[in-house]
Amino acid sequence: MTTTTAPEKRAEHPTDQPLVRVDKLSRRFDVSPHWITRTLYRQPRRIVRALDDVSFAIQPRRTLGLVGESGCGKSTLARCLAGLMSPSGGVMRYADKPVDLAKRNDPKVRRAVQMVFQDPYASLNPRWSVEESVGDPMLAFGLAKSRAEMREKVGELMVEVGLSPRDAQKYPHQFSGGQRQRIAVARALASRPEFLICDEPTSALDVSVQAAVLNLMRRLQDEYGLTYLFISHNLTVVDHMSDDVGVMYLGRLVELQPTEALFDTPRHPYTQLLIQTVPSLETIGRASAPLKGEVPSPLNPPSGCAFNPRCPFANERCRAERPEATALPGGGMVACHAVEEGRI
Amino acid sequence: MTTPLLDIRNLSVELARVSPLKVLDGINLHLSPGEILGVVGESGAGKSVTGAAVMRLMTKPLRQSGGEIWFDGTRIDTLSEEKMQRLRGKDIAMVFQDPLTALNPVFTVGQQLIQTIRQHLPLDQAAARARAADLLREVGIPSAEERLENYPHEFSGGMRQRVVIALALAGEPRLIIADEPTTALDVSIQAQIIALLVDLARTRGMGVVLITHDMGVIAEACDRVAVLYAGRLAEVGPVRDVLTAPRHPYSRGLIASIPRIGARLKELPQIPGTMPRVDALPPGCAFAPRCPFVMEHCKTHRPDATPRAGGVQVACWLEEGH
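These protein sequence lines are chains A and B, in that order. Residues 42 to 385 (my numbering) are what the first sequence spells out, left to right. Residues 544 to 865 (my numbering) are what the second sequence spells out, left to right.
So this is what it looks like as structure tokens:
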């Protein structure tokens, strides 16, 4: 927008090395019954591996899209990275420095990493005016010295996200879903972040509103030099927004490729089936061949490759041995025995 | 022409206040047996109210203020509540968006199915039970007999929605109104549910009104589609015509704003502004303030849905030479 303020807004990081690097990140949840129940009924401990050895890197000012069905660990990943929970294993490196934001020991990175949530009705405090919600991070991180300065900056941000400065005095219930999501974006931008984690930011919105919010997020990325982790179950939205796309299945990353390569030549059978089932305007009158079965329970994952019960290419090895990530020639990775062996 | 299964004539619904607000205004829709009619529009456009009006499930202060609803040659909006209750769930069934709230959590799926079946069909407990298992099998639930003993929370989201569909099928309905049946589900499960609905419509000759905001779902499942805007019909016609060559500027904008795989646009086309609230509708065409082709005539005169070539009806002054 205003060219005078642009240099100040921009985050300076060397573009040749990743801003965010995630190494073998895991998160387990203990969902065992109470120990008395366990001893009385001889029940075993039950551990859900919500996130299992996930590794990827995001270059500055790029967008990594993540797709997958419910329960595949997308949101757990977002929460671990945003510091809303600690990972059980693995590290996140921010600008080449290992961080765990949930430990609250790194205020600089905490400021630089922000999150936009799915439900704009639940992510804003209904009793706080927009100014309080958006201005709070500014005061908390000392980005505004006084209330007057905060008020002014909130007004600027409101204009930036396409609302009016006067709207800052209103409360969340006075806005539509799309406007609320703009406020949520403004709130995330208030601490002048560099890395924005967007967990399903448009899935609660109508398509026409979705287009406006996606355009806004793209413009802000250019303007502020933001890096995005863009999580969605909607493949068309991820295709539109991302430079690279990762596909998750039952807590693991099964494929990661540059966006065009992933949609043009998907390698993992799950990715292939997922792309086929996307309802699109081009498939008029032809209900796509539905993908059989469902995502298995993470409590009781299949042995070997987690996708093997639904996979048309599964063989003995797939049922016994878990596939590891193999690098692809064009950059990216895929974790599939069939691809590795050249069967597909 | 044969009698349509469902015929909505000039339906209006208002929010009863001191000055009543029109939530639905002059909607005309019809549906033949075995046909799937999609109803799309933004939140607040009147999609769900249309479904609720047909089922007469509207609660105060909403009420039908005009028009007629005909089901298989009988006018149903004037039926007594008692007769309507016999029709509802029997001949006309409904599938809701959230399968967890549509099912009673304290009864097993079998109990709920058997109760619904016996409500509508003269069967004894054992026969109703066999029928319940048949229904679960028909909607693609494996080991149906055992699953009858399960509670709703023991099913996954997709399976739960199948149970809701089985429940809707219990009275052997001729018309199903599905209000956002796949919105709460994952893409791969969504495809399964859509395939199931299409299959049921084709094999049973059942009419389906599919209310959704997802144009992709409309493209895959529906024969015809109606686009609603601010409680009015903007465009209705065969899916292929409406999706590939939309005539109404709103449908054009709506379809253009959907991201497509491989399109890689720098920016998505977006419709400026937002849909007007029902208490602030402009005097002429409701879309006029946002329309890129707006003319003086549009601001003062309200267009009605008029037939165009190819069985499409469009409510727009553009092609009418004003």
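All residues carry an ideal CB built from backbone N, CA and C; glycine is no exception.
Comparing alpha carbon positions, the residue from B:L712, B:E778, B:L664, B:T593 closest to B:I754 is B:T593. Taking CB atoms only, A:Q155 has no neighbour in chain B less than 9 Å away. The Cβ-Cβ distance between A:P242 and A:S273 falls below 9 Å. Taking 9 Å as the cut-off, the beta carbon of B:K590 is found no closer than this to the beta carbon of B:V821. Every alpha helix (DSSP H) stretch that sits fully inside the stretch 119 to 202 of chain A and reaches 4 residues is listed by chain position as 148 to 153, 171 to 181, 188 to 201. Secondary structure of A:C239 (DSSP, three-state): strand. Using a CB distance cut-off of 9 Å, A:N166 does not count as an interface residue toward chain B. Against chain B, the CB of A:E362 has no partner CB under 9 Å away; the residue lies outside that interface. A:A225 and A:K149 have their C-alpha atoms spaced approximately 21 Å apart. Annotation for B:G653: no beta strand (DSSP E) segment contains it, though the alpha helix (DSSP H) segment containing it runs 652 to 663. Measuring C-alpha to C-alpha distances from A:V202 to each of A:L261, A:A163, A:A153 identifies A:L261 as the nearest.
Chain B has no Cβ within less than 9 Å of the Cβ of A:N349.
Annotation: A:R363 to A:N349 spans about 10 Å, alpha carbon to alpha carbon. Within chain A, the residues placing a beta-carbon under 9 Å from that of B:G805 are D280, E301, F304, D305, ordered along the chain. Pairwise C-beta distances place the stretch 59 to 71 of chain A in contact with the stretch 130 to 144 of chain A, as three or more of them are shorter than 8 Å. For B:P832, the three-state secondary structure derived from DSSP is helix. Considering only beta carbons, the part of the stretch 87 to 110 of chain A lying closer than 8 Å to chain B consists of E110, in chain order. Using beta-carbon distances, B:P802 counts as an interface residue toward chain A, with a partner under 9 Å. DSSP, read as helix, strand or coil, puts B:M702 in helix.
Taken through DSSP and simplified to helix, strand or coil, B:N553 comes out as strand.
Sixteen is the threshold: when 16 or more other Cβ atoms of the shown chains lie within 10 Å of the Cβ of B:Y772, as they do, the residue is buried. Ranked by Cα distance from B:L605, the first of B:L548, B:L643, B:P563 is B:P563. When CB distances to chain A are screened at a threshold of 9 Å, not a single residue of the stretch 678 to 697 of chain B falls below it.
Using a CB distance cut-off of 9 Å, B:K590 does not count as an interface residue toward chain A. For A:I325, the chain B residues whose Cβ falls inside 8 Å of its Cβ are A762, E763, V782, R783, L786, T787, in order along the chain.
For A:D247, the residues of chain B that pass the 7 Å Cβ criterion are E585, S586, H756, in the order they occur in the chain. Secondary structure of B:R851 (DSSP, three-state): coil. With at least 16 other beta carbons inside 10 angstroms of its own, B:E763 counts as buried.
Using a Cβ-Cβ cut-off of 7 Å, B:I719 is close to nothing in chain A; its nearest Cβ partner there is about 16 Å away.
Each of B:R672, B:I719, B:D729 was checked against the Cα of B:R747, and the nearest Cα belongs to B:I719. Nearest CB-CB separation between A:L125 and chain B: not below the 9 Å threshold. The Cβ atoms of A:G373 and A:D285 sit closer than 9 Å to each other. Take the alpha-carbon of B:L739 and the one of B:V597: they are about 23 Å apart. Scanning chain B for C-beta atoms nearer than 8 Å to the C-beta of A:R68 yields nothing, as the closest lies near 21 Å away. With respect to chain B, the C-beta atom of A:V72 has no partner C-beta closer than 9 Å.
Distance from the CA atom of B:Y793 to the CA atom of B:I708, rounded to whole angstroms, is 32 Å.
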